[in-house]
Amino acid sequence: MKAFFILVFVLLSTSSYATEQAEQLFNQLKPSLYQIKLIDKASGEKSSIGSGFQISSNGIIATNYHVISSFALHPKKYRIEYLDSQGNKGNLSLQSVDVINDLALVRRDVKQDMPFFQLSQAAPHKGEQLFSLGNPHDLGMIVVPGTYNGLKKESFNERIHFTGSINSGMSGGPVVNKEAEVVGVNVATSGNSIGFLVPHDKLVSLYQAFQKAPPESIEQQMAQQLTANQDKLMTEILNSPWQNKLLGKQGSIPIIDVPFIRCWGDSNADKADALILTAVANCSLDENTYLSSRFFTGSMEIEFRTMQAKEIGANKFYHLYQQQISRARAGNRAGKDNVTEYQCHHDLVMPDNQAINNKSIFCTRAYKKFPDLFDVLYLSASIDRDKEALVSHFTISGINQANALAFTRKFMEAVSWK
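Here the sequence shown is numbered in the numbering used here, starting from 938 and rising by one per residue.
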């Protein structure tokens, strides 16, 4: 019992120290913390809200891209406003963005040098205590203690796994170590005290590039970042091993051996009344790039499905087969202001050295603001067996023509019957 009371005392003392340290850090840093609002000019009301923090003496403030995304895409409709710890308000100008890492730099007009956050020279170590600052639910600035748990393993673009409560409105706020140095930027939460941060080195890179050469056009900067990121992603995917595996009794499908594409499987083998035996494999890129609340890109979804009739005729099987094919949809959210209508090409295909005949549909839609990028939808359905079929389907968003064709060619050649 004595040991129990000692343990409780130690835990309470540790908690009390963490709280005291958090309060000291907050009081020290709050002059450089901001609430960031996006104001709709016509109504005069806020349309989004987040947090930000000053990183230079001359008024450069860091936040998340998604906090100011509507202004970046529609600068005539919105303005950006700050609220500081003293209740002062003012307008902000957008200086630079990193849409891949969800970062933005804005500037407030200053008449003299101001206090600002120092960016850390090194990454935290696993288990290190960190402190997240921000404005949750428009309730005022707070500080939340948490723990650094390394980088998210399944992410193509690096994110820090942070154990701490990041809530709506804290997006764009800084996460600091006990020396008050920024080691990350609040970006997302999965609930249950599971948060994700943008590593501070991404902010360092954005700020250094801005100091060297500010972008001439935010839209052009976004286009270059999207193009470079999809090229990096597809290069890694195309150059990685594609392992063939059996799906159902005879389908041979590829699994791309990269950590950031994860796969799941399912079947109805346990259902005695099923008219068609099916086995399904779904694979997806576990992230996307936010451009606006109605426009996401950078995603990939792949599905394979084998179907085998049990006690039905060929005509009935074909009808049910067609229903499965008609369900194929785009894998990302995009509206008519963002993309064109899909243009589709239909063909009968037999890949070289593959024992399968397919009816294939290849569809593309172009990005209106970023004309070198497309969403691609591909669907291939086998047509060479009366009561058995293999359906292959993928969607990729935000890809250029050369990479889309290279991926489609490799995908087609990797699907077959055993």
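Note that beta-carbon positions come from the ideal geometry of N, C-alpha and C, so glycine has one too. Note that this is a predicted model, so its numbers are computed, not measured.
- Check the Cα spacing between serine 1030 and each of Lys1324, Asp1039, Tyr1019 and Ser1105: the tightest is with Tyr1019.
- Per DSSP, histidine 1003 is one residue of the alpha helix (DSSP H) stretching across 1002 to 1010.
- For alanine 1216, the enclosing beta strand (DSSP E) has its first and last residue at 1213 to 1222.
- Going by DSSP, phenylalanine 1299 is part of the beta strand (DSSP E) stretching over 1295 to 1303.
- The residue among Gly1132, Ala1117, Glu1116 and Lys1115 with its C-alpha nearest the C-alpha of asparagine 1123 is Gly1132.
- Taking a C-beta distance under 8 Å as the contact criterion, glutamine 1162 and aspartate 1035 qualify as a contact pair.
- Taking every protein chain shown into account, the CB of valine 1286 has fewer than 16 other CB atoms within 10 angstroms, so this residue is exposed.
- DSSP places asparagine 964 within a helical segment (H, G or I) once states are collapsed to three.
- The beta carbon of tryptophan 1201 is closer than 7 Å to those of Asn1219 in its chain, skipping five residues each way along the sequence.
- Residue range 1118 to 1128 is occupied by the beta strand (DSSP E) that includes serine 1127.
- Listed in chain order, the non-local C-beta contacts of serine 1236 below 7 Å within the same chain comprise Leu1222, Asn1225, Gly1268, Asn1269 and Ser1334, local neighbours out to five positions each way being set aside.
- Secondary structure at serine 1022: coil, using DSSP grouped into helix, strand and coil.
- A residue is called buried once 16 or more other Cβ atoms fall within 10 Å of its Cβ, and histidine 1137 is buried on that count.
- Scanning Ser1177, Ser1204 and Phe1147 for the CA closest to the CA of lysine 1186 turns up Ser1204.
- In the DSSP assignment, aspartate 1168 falls within the alpha helix (DSSP H) that extends over 1155 to 1176.
- Judged by their CB atoms, phenylalanine 1147 and glutamine 1058 are not nearer to each other than the 8 Å cut-off.
- The C-alpha of isoleucine 976 is placed about 19 Å away from the C-alpha of glycine 1110.
- Burial check for arginine 1346: the Cβ neighbour count within 10 Å stays below 16, so the residue is exposed.
- DSSP places glutamine 1066 inside the beta strand (DSSP E), whose first and last residues are 1066 to 1071.
- Where lysine 983 is concerned, the enclosing beta strand (DSSP E) starts and stops at 983 to 991.
- With a contact defined as Cβ atoms closer than 8 Å, serine 1006 and tyrosine 1227 qualify at about 7 Å.
- The beta carbon of serine 1177 lies closer than 7 Å to those of Ile1193, Asp1194 and Val1195 in the same chain, with the five residues before and after it left out.
- For glutamate 1350, the uninterrupted alpha helix (DSSP H) segment begins and ends at 1338 to 1351.
- Residue state for phenylalanine 1233 is assigned as strand, using DSSP reduced to three classes.
- Aspartate 1312 is bridged by DSSP to Arg1302 and Ser1334.
- In the three-state reduction of the DSSP assignment, histidine 1098 falls in the strand class.
- Under the DSSP assignment, phenylalanine 1133 falls in the beta strand (DSSP E) whose first and last residues are 1131 to 1136.
- Glutamine 1145 sits in a helix when the DSSP states are folded into three classes.
- If you compare the alpha carbons of Ser1230, Ala979 and Gly1083 with that of lysine 1013, the shortest gap goes to Ala979.
- Residue burial is scored here from C-beta neighbours: cysteine 1300 has at least 16 other C-beta atoms within 10 angstroms and is therefore classed as buried.
- In this structure, asparagine 1025 keeps its C-beta atom at 8 Å or more from the C-beta atom of glutamine 1167.
- Excluding its 5 nearest sequence neighbours in each direction, proline 968 has C-beta neighbours in its own chain below 7 Å: Ser1022 and Pro1052, listed in chain order.
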